[in-house]
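Asks: Handing you a structure now.
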Amino acid sequence: MKPAPFTYHDPRSVSDAVALLATHDNARVLAGGQSLMPMMNFRYAMPDHLIDLNKVSELAYIRVENNTLNIGAMTRQRDIEFSADIGQHCPLLHAALAHVGHRQTRNRGTLGGSLCHQDPSAEMVNMAALLDATMHVVSQRGARDIPLADFAVAYMTTALEPDELLAGVTFALPAKKHGHAFVEFARRHGDFAIVACSTMLALDSHGNISNATIALSGLSHAPLRPAAIEQALLGQKPDAATFKAAAAEAEKISAISDAYVSSAYRQHLARVLTCRALEQAAAHAKEMQHG
Amino acid sequence: MADTRTISAIVNGKSHTATIETRLTLVDFLRHELKLTGTHVGCEHGVCGACTVLVGGISARACLMLAVQCDGLEVATVESLAADGKLNTLQQAFQDNHGLQCGFCTPGMLMTLTEFLRDHPEPNEAQVREALSGNLCRCTGYQGIVDAALDAAKKMRGTTR
Amino acid sequence: MSAEKRPDSLTGFGASVKRKEDPAFLRGEGQFVDDIHLPDMLHAAFVRSPYAHAKVGAIDKHAALELPGVHAVITFADLPEEIRRQTMPLLVPHPAIKQPLLPYALAKDETCYAGEPVACVIADNRYIAEDAAQLVEVDYEPLPAVNDCRAAIEDGAPLAHAGAESNIAARFPVKVGDADRAFAGAAHVFREKIYQHRGGPFFMECRGAIAQYDAQSQGYTLHVSSQGSHRLKRCMLDMFDLGDHQMRVITPDVGGGFGPKGSFYPEYINVAVAARLLRRPVKWIEDRRENFLTTHQERDQYWDMEIAVDANAKIIGVRGQLIHETGAYVPWGIVLPWITATTVPGPYVVPHFKLDVISVFTNKIQTTPVRGAGRPEAVTTMERLMDRVARELKLDRAEVRRRNFIQPEQMPYKVGIIFRDGRPVTYDSGDYPASQAAALKTADYDGFAKRQLEARAQGRYLGIGMANAVEATGLGPYESATVRVATSGKIVIYTGATPQGQSHKTTLAQIASDQLGVDFNDITVVTADTATIALGIGSFAARTAVNAGSSVHMAAMEVAAKAKKIAAGMMECVEDDLELSGGYVRLKSAPDVKKSLREIAVKSIGMPGFSMAGGLPPGLEHTAHFTPDQAVYSSGTHVAEVEVDIETGEVKIVRYTVAHDCGRVINPMVVEGQVVGGVAHGVGNALYEQLAFDENAQPLSTNFGEYLLPMAADVPKVDLVHLETPSPLNPLGIKGAGEGGTISAIGAILGAVEHALEPFDVRIAEAPISPQRIVALLGEHARGRTL
C-alpha cells in the first residue's frame with residue numbers, strides 16, 4: 072500500500088497554488104492528509120501532481136466578524152478545538168468536533184479537507200449545513216462563493232472545478248440565546264456516524280419555539296436540512312408531543328443503504344436522534360433563557 | 060523520472076539530511092532510511108495508530124504524512140523516550156502493568172500517551188480510554204495499557220511536585 | 028545471608044515477574060521481520076486476482092519488466108519444476124476429507140478467491156514493486172462465484188472449483204450414544220438455528236518473510252513472522268525437495284498471530300524462489316489490504332440444533348447439523364469443524380449426541396483456526412441451547428446449568444467422542460460447578476435482579492448472561508526444549524515454541540530457574556530458530572506452556588542432576604549432599620563450599636585427548652521432548668452484564684467477570700493478560716467484527732474503517748477469578764491459557780443481550796449481533812420514547 076508516483080508541489084501562497092492547479096492536469100490538493108493519504112496509499116487516488124497546501128499560511132485563520140465565523144480551509148481541527156473564540160461564539164462546533172476522529176487525526180486534519188472530502192456523515196459537513204456555511208472558492212479565473220447546499224453534488228463529490236480550491240468557509244453564527252445539540256450514533260468512538268443530527272432551537276417569551284434548525288447526516292450523500300420539520304416546529308411548545316411528531320417526520324425521509332447499514336435503520340436512527348437532539352436543545356434553550 | 064527532494068529533519072534531536080522520493084511516507088522514511096524501526100506500520104490508512112509519532116511535539120500518523128512534509132520539522136519517535144538508557148516513567152509503567160504482549164502496537168501507544176499525559180496530567184479511566192481510541196491493540200484487551208497510563212500519570216505527578 | 032542467596036523463589040514458577048521481553052519493545056528495539064534490513068535486499072509485491080473466481084489466461088509482463096528498478100516478474104510458468112508439480116501441503120490429512128483441494132504457489136489456470144496470488148513482482152523497493160504489479164496484464168475470464176456455504180450445497184449451485192465433483196470438502200458425523208432413540212422419549216425437545224459469522228485474527232503486525240539463498244549449500248534462510256518455524260521449514264523442504272541442512276527458518280519477534288500465522292502461505296515460497304533466481308535477499312511484507320484479502324479467517328457456521336431434556340431440565344441429548352464454510356481451500360483439513368463439533372458438550376453431561384458436519388467450499392479466503400479455534404462457536408451454540416431450556420421451563424439459567432454439570436468426582440470424565448488428536452475426549456480434571464459459582468459470586472449475580480429493576484425504572488435495559496466452556500489445550504505431539512549451560516556459565520534454553528506475545532521468554536525461564544537455582548533473568552530463551560534445535564511444532568492451540576514448559580522443566584531437571592553428578596566428582600562428595608543455588612552447586616551443609624556452573628560446564632565438555640570422566644555424556648545440557656498422551660482441559664465461566672439502548676440497538680458491556688481454570692499458573696500476571704486480551708477478541712466477535720462480501724464473493728470489508736475491531740472504549744474492564752485444578756497429566760500440573768478468554772465471551776454476551784430484551788420476547792441467534800439487527804428484532808419497540 073504505497074502511493075503511486077506523483078510530482079510534489081509545495082506552494083507558499085494561494086496565488087501560487089491556484090497557478091499550479093491551472094497548469095497541471097490530474098492534480099490533487101493535499102490538506103491535512105487524513106482522507107487523501109489513505110486513498111493514495113490504497114491507490115484509489117493516483118494524482119500526477121500533488122499540491123501540498125500545508126505551507127500556505129494565509130489559509131489558516133479563525134475570525135469572528137459581524138455574526139459570522141470565518142475559518143480558513145487549512146485551519147486544523149485541533150486549532151478549532153482549542154479556539155477560545157469558537158468556544159465563546161459557537162460552542163456547538165466544539166461539541167461536534169469531539170466526535171471527529173482521534174487526537175492524532177484532529178492534530179493534522181483540516182476543516183477544508185473534511186469539507187472537500189465530503190463524507191456523508193462527517194461532523195464538520197453537518198455543522199456547515201446547520202450553520203448555513205458559505206464556501207469561498209478560488210482559482211486563477213477568480214473567486215466565487217458556493218452555498219453549502221450546492222457544494223456537494225454527488226456522493227463524496229463537490230462542486231469544485233479541477234482548477235479550484237476551497238480557501239475558506241463562513242458560518243452564520245447562531246442567535247445569542249438559543250439551545251443547541253449535536254447527537255450522533257457511531258459504532259465506536261471516533262468513527263464516522265451512521266446518522267448524526269444537530270439542531271438549534273430558540274424560544275420566544277412564551278416559551279414556544281421561535282426558531283428551529285436541524286441538520287441530518289447519513290441519510291443522503293450530503294446532510295439534509297428538513298425544511299418541513301423546521302417549519303412545523305415554529306410556534307410549538309418544546310414538549311414530548313412536539314418532538315415525537317418531528318421525529319416521526321424525520322423517519323419518513325428516504326435514506327441511502329450500503330453493505331453494512333440498511334436505509335430502514337438509517338431512517339430509524341433519524342427518528343431517534345432527531346428526538347434526542349430536540350430534547351437536548353430545548354433543555355439547553357430553557358437554560359439559556361433563564362440563565 | 061522519480062520526483063525527489065532533499066530534506067533536513069531533526070529526528071529525536073539529531074539532524075538528518077536525505078534525498079528522498081517525494082512519495083515516501085514519513086513512516087517508511089523513519090524505518091527504512093533512518094533505520095529507526097521502533098515506529099511500526101500497522102494499516103497504512105490511519106486507523107491503527109501503530110505509526111504514531113510526534114511532529115513538532117504533537118501526535119500524528121506517520122503513515123499519513125509524506126517525509127517531504129517534515130523538511131525543517133522536529134520528529135520524535137519511540138526511540139527518544141529512554142534517551143538516557145533508562146526506561147522513562149511511562150515505559151516503566153507499561154512493564155509494571157503488563158501493558159504490552161506482542162509489543163507491536165506499543166510504540167504508537169507510548170507516543171499517544173506521551174502527548175496525552177503531557178496535556179492531561181490527571182486523567183480518569185474514561186479519559187484514558189478515549190485518548191487511546193485511535194490506537195488498536197489486539198493482544199491486551201487494553202486493560203494493562205489503561206492501568207499503565209493511570210499509573211504513569213500518578214507517578215509523573217509525584218515526581219514533578 | 029550471603030549476597031548469593033538464591034533469589035529464584037521470587038522469580039520462579041508462580042511468580043508474577045515482570046517480563047524479560049518488555050524493555051526492548053518499550054525502547055522500540057524489538058525486531059519484527061520488517062525491521063530486518065539485509066544488504067542488497069529486494070522487495071516483492073504480488074499481482075492478485077481481482078475476481079473471487081476466474082480462469083487465468085495469458086499474462087503479459089512486458090510493461091512491468093520495462094519499469095526501472097524491476098528485477099523479475101514471476102508467474103506460475105516461471106516457477107521451478109518442483110514447485111509447479113504440487114499444490115501447497117494439506118497440514119492435517121483426514122479420511123473424511125473428500126476433496127483435499129489446495130492452491131499452487133501461484134495461480135496455475137484458475138483463481139478461487141479474490142486476492143489469490145497470480146504473479147510475484149520483485150523490485151528495488153516496495154513502491155516500485157507495486158507500480159510494476161499494476162502494469163502486469165492478466166487475462167481473466169470471470170467464473171460464477173460461490174459466496175454462501177448454504178447455497179453452495181444446493182442442487183445446481185455453481186462450483187467453487189471448476190471441475191470439482193461438488194462444493195463439499197468433507198462430511199463427517201460425531202456421535203455419542205443413540206441420539207435419535209433418546210430424543211423419541213424426551214419430555215421436551217427444543218430447536219435452535221444459529222448463525223456465526225466470520226472473523227479474522229487481525230494481528231497488528233501483518234505477515235511477512237525474507238528469503239536468502241546461499242548458492243554454496245543451495246539452501247535458504249527464511250525469516251518469517253510465523254507461529255512455528257519448524258513446521259514451516261518442513262513445508263518448505265517438501266515444496267523445494269531439499270535436505271534438512273538446506274532450509275533454516277527463523278521467526279523473529281511476532282506482532283500477534285492468533286492462529287492464522289500458523290498456516291503456510293504461498294508468498295513464502297515465492298520469496299524463496301525469487302531469492303534463488305536473483306541471488307539476492309527478497310523481502311515481502313503483507314500490507315493491510317492483502318491481510319484482509321489473504322490471511323486466513325475463521326468460520327461462517329450455520330447450526331440447526333435440537334436439545335432434548337427431561338422434566339427436570341436434565342439433558343438427554345443434543346443433535347443437529349453444522350454447515351461449516353472452509354472457503355476456497357482446506358489447508359488445515361477439517362481441524363476447525365472437528366474441534367467445534369467435539370467442544371459442544373462442554374462441561375455438561377450429554378448422554379446422547381449426534382452432529383452431522385459438512386465442510387463446504389466457497390470462493391472466499393480459507394477459514395482456519397483463529398483464537399479459540401472453533402470452540403467459541405460450539406460454546407455459543409450450546410449455551411444458547413441452555414438458555415432456551417431455562418426460558419421454556421421457566422427456570423433460572425444458572426440453575427439449569429448447575430443441574431447438568433459434570434461433577435468433579437466424575438474426573439477423569441470420558442465424553443464419549445474422539446478429539447482431533449485421535450484420543451477419546453477425556454477431561455483430566457476440573458471443577459465446573461465451582462467455576463460457575465465463583466464467577467456468579469464475583470459478578471454479583473444474586474444482586475442483578477435489583478440492578479435490573481432500578482435500571483428499568485429509568486428506561487434502561489440491563490441483561491446478564493453466562494457461558495461455561497471446557498477447552499482442550501496442550502495438544503501434542505511435543506515441543507522440545509534444550510537447556511544448555513555454556514562454558515561461560517551462561518544458561519540458554521532453545522525451543523521451537525514461537526511466541527507472538529505470550530511471554531514465553533519469561534515463563535520458560537521461570538520454569539527452568541527453579542531447577543537450576545538461578546534468577547530467571549540469568550536464563551536466555553531462544554525461540555523458533557530451526558538451527559538451534561532439531562524438532563519443534565510451534566505456538567498455537569494453547570499448547571506451549573504445557574508442551575514446551577514441561578520439556579523445559581524436564582531438561583532443566585536433567586541438567587541440574589548432571590551438574591550435581593559432575594560437581595560431586597569434583598568436590599568428592601555424594602550428589603545428595605548438593606544443591607543448586609545462585610549459579611553454584613553447593614554443599615547443603617556448608618553453602619560456601621561450591622562449584623560454579625561455569626566450572627562444571629567446562630568440566631562437562633571434557634579435555635581433548637582425555638576420556639570423559641564418570642561415563643557421563645558430554646556437555647552440561649539436555650534436550651527433552653515431553654510428549655503428552657492427550658489434551659489437558661482448561662475450563663471457565665464468563666458472566667457478561669450489558670445495557671442495551673433499545674432505540675439505537677447499542678450494546679454496552681457494563682460488567683464482565685471471568686472465572687478461569689488453567690491448572691497451575693506459571694505467571695499470574697501473564698495469564699491474566701492472556702484472558703483479558705482473549706475477552707476483547709470475543710467482544711469483537713460478539714458485537715463488532717463483520718466481513719461483508721458481495722454476491723460475487725468479492726470482499727467488501729478491506730480496511731479498519733469498515734471492519735470494526737474493538738477499541739479501548741469498547742471493551743470492559745474484566746474481573747478475573749483464578750481457579751486452580753492442576754492437571755495430573757504433566758509434571759507441572761499446567762493447562763493452556765491463551766484462548767479461554769475468547770471462547771465463552773460470545774455466548775455470555777449474546778445471552779446477556781437476549782436477557783436485556785426479555786420484555787420484548789426477542790431471540791438472539793447470531794453473532795455478531797449488531798445494533799441494526801437488534802433494532803430490526805425489536806420492531807415497533809425500538810421506537811421507545813419517540814412513539
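Chains D, C and B, in that order, are what the protein sequence lines are.
Residue numbers 72 to 362, in the numbering used here, belong to the letters of the first sequence in order.
Residue numbers 60 to 220, in the numbering used here, belong to the letters of the second sequence in order.
Residue numbers 28 to 814, in the numbering used here, belong to the letters of the third sequence in order.
Here a beta-carbon is modelled for each residue, glycine too, at the ideal position from N, C-alpha and C.
Treat the numbers as computed from the prediction; the structure is a model and nothing was measured.
List the whole-angstrom C-beta distance separating Met-124 of chain C from Val-137 of chain C, where the pair is believed to meet the contact cut-off of C-beta under 8 Å.
Replies: Between Val-137 of chain C and Met-124 of chain C the Cβ distance is about 16 Å, and since that is not below 8 Å, they are no contact.
Asks: Counting only beta-carbon atoms, is Phe-153 of chain C nearer than 8 Å to chain B?
Replies: So, interface residue.
Asks: Note down, in chain order, each residue of its chain lying with its Cβ closer than 7 Å to the Cβ of Lys-591 of chain B, except the 5 sequence neighbours on either side.
Replies: Excluding sequence neighbours, Lys-591 of chain B sits near Glu-602, Leu-605, Val-612.
Asks: Does the beta carbon of His-260 of chain D sit closer than 8 Å to a beta carbon anywhere in chain B?
Replies: yes
Asks: Determine whether the Cβ of Gly-57 of chain B lies closer than 8 Å to any Cβ atom of chain C.
Replies: yes
Asks: Measuring only the C-alpha atoms, how far is Ala-318 of chain D from Thr-345 of chain D?
Replies: 5 Å
Asks: With DSSP collapsed to three states, give me the class of Val-586 of chain B.
Replies: Three-state DSSP puts Val-586 of chain B in a helix.
Asks: How would you write the range of the beta strand (DSSP E) that Ile-117 of chain C sits in, first residue to last?
Replies: 117-120
Asks: Using three-state DSSP, classify Lys-288 of chain B as helix, strand or coil.
Replies: helix
Asks: Does the beta carbon of Tyr-132 of chain D sit closer than 8 Å to a beta carbon anywhere in chain B?
Replies: no
Asks: Alpha carbon to alpha carbon, how far is Arg-625 of chain B from Leu-535 of chain B?
Replies: 21 Å
Asks: Output needed for Met-135 of chain C: all residues of its chain with C-beta closer than 7 Å, excluding positions within five of it in sequence on either side, in chain order.
Replies: Sequence inspection shows Ala at residue 135 of chain C; the Met mentioned does not correspond to that position. Closer than 7 Å at Cβ, skipping near neighbours: Asn-71, Val-112, Leu-113.
Asks: Use the C-beta contact count for Pro-684 of chain B: other C-beta atoms within 10 angstroms, 16 or more gives buried, fewer gives exposed.
Replies: Residue identity check: residue 684 of chain B is Thr in the sequence provided, not Pro. Thr-684 of chain B comes out buried.
Asks: Should Glu-232 of chain B be flagged as near chain C, meaning a C-beta pair shorter than 8 Å?
Replies: yes
Asks: Do the region 224-242 of chain B and the region 388-404 of chain B make contact, defined as three or more Cβ pairs closer than 8 Å?
Replies: yes
Asks: Are Ala-200 of chain D and Arg-296 of chain D touching if we call contact CB-CB under 8 Å?
Replies: yes
Asks: Excluding the 5 residues preceding and the 5 following Ala-779 of chain B in the sequence, name in chain order all residues of the same chain whose CB lies nearer than 7 Å to its CB.
Replies: Gly-490, Ile-491, Gly-492, Ala-667, Glu-668, Val-669
Asks: What is the DSSP secondary structure of Glu-668 of chain B, counted as helix, strand or coil?
Replies: Assignment of Glu-668 of chain B by DSSP, reduced to helix, strand and coil, places it in the strand class.
Asks: Note down, in chain order, every chain D residue with its Cβ under 8 Å from the Cβ of Arg-64 of chain C.
Replies: For Arg-64 of chain C, the residues of chain D that pass the 8 Å Cβ criterion are Tyr-79, in the order they occur in the chain.
Asks: Within this structure, are the beta carbons of Thr-241 of chain D and Cys-187 of chain D separated by less than 8 Å?
Replies: no
Asks: For Ala-326 of chain D versus Gln-338 of chain D, is the C-beta distance shorter than 8 Å?
Replies: yes
Asks: I'd like to confirm the pairing. Which residues does DSSP put opposite Arg-134 of chain D in its beta bridges?
Replies: D:Asn-141
Asks: Report the three-state DSSP secondary structure of Ser-578 of chain B (helix, strand or coil).
Replies: helix
Asks: My guess is that Gln-223 of chain B and Ala-724 of chain B are in contact by the Cβ rule of under 8 Å, so how many angstroms apart are they, rounded?
Replies: Actually they are not in contact, since the Cβ atoms of Gln-223 of chain B and Ala-724 of chain B sit about 19 Å apart, beyond 8 Å.
Asks: Excluding sequence positions up to five away, which residues of its chain have a Cβ less than 8 Å from the Cβ of Lys-32 of chain B?
Replies: Legend: pLDDT at Lys-32 of chain B = 35, less than 50; position of this residue unreliable, value from coordinates given subsequently. So the list reads Ser-608, Gly-609, once near-sequence residues are dropped.
Asks: Does any heavy atom of the ligand ATP sit closer than 7 Å to the C-beta of Gln-189 of chain D?
Replies: Ligands are entirely absent from the displayed structure, and the ligand ATP is therefore not among its contents.
Asks: In the DSSP output, which residue or residues are listed as bridge partners for Ser-566 of chain B?
Replies: Answer is none; Ser-566 of chain B lacks a bridge partner.
Asks: Here's a check: name, in chain order, each residue in its chain whose Cβ is nearer than 6 Å to the Cβ of Thr-63 of chain C, leaving out the five neighbours to either side.
Replies: Thr-78, Glu-80
Asks: Just checking: is the beta-carbon of His-91 of chain C within a distance shorter than 8 Å of some beta-carbon in chain D?
Replies: no
Asks: State whether the region 500-513 of chain B contacts the region 564-571 of chain B, with contact taken as three or more CB pairs (one from each stretch) at a distance under 8 Å.
Replies: yes
Asks: So, Ile-280 of chain D versus Leu-305 of chain D, is the Cβ gap smaller than 8 Å?
Replies: yes
Asks: Could you pull out every residue in the same chain whose Cβ sits closer than 6 Å to the Cβ of Leu-95 of chain C, ignoring the five residues on either side in sequence?
Replies: Leu-89, Thr-136, Glu-138
Asks: Pro-358 of chain B and Ser-290 of chain B - do their beta-carbons sit closer together than 8 Å?
Replies: yes
Asks: Would you decide whether Arg-147 of chain D is buried or exposed? Buried here means 16 or more other CB atoms lie within 10 Å of its CB.
Replies: buried
Asks: Does DSSP put Gln-324 of chain B in a helix, a strand or coil?
Replies: Here Gln-324 of chain B sits in strand by DSSP.
Asks: Considering only the beta carbon of each residue, do Gln-211 of chain D and Ala-90 of chain D sit closer than 8 Å?
Replies: yes
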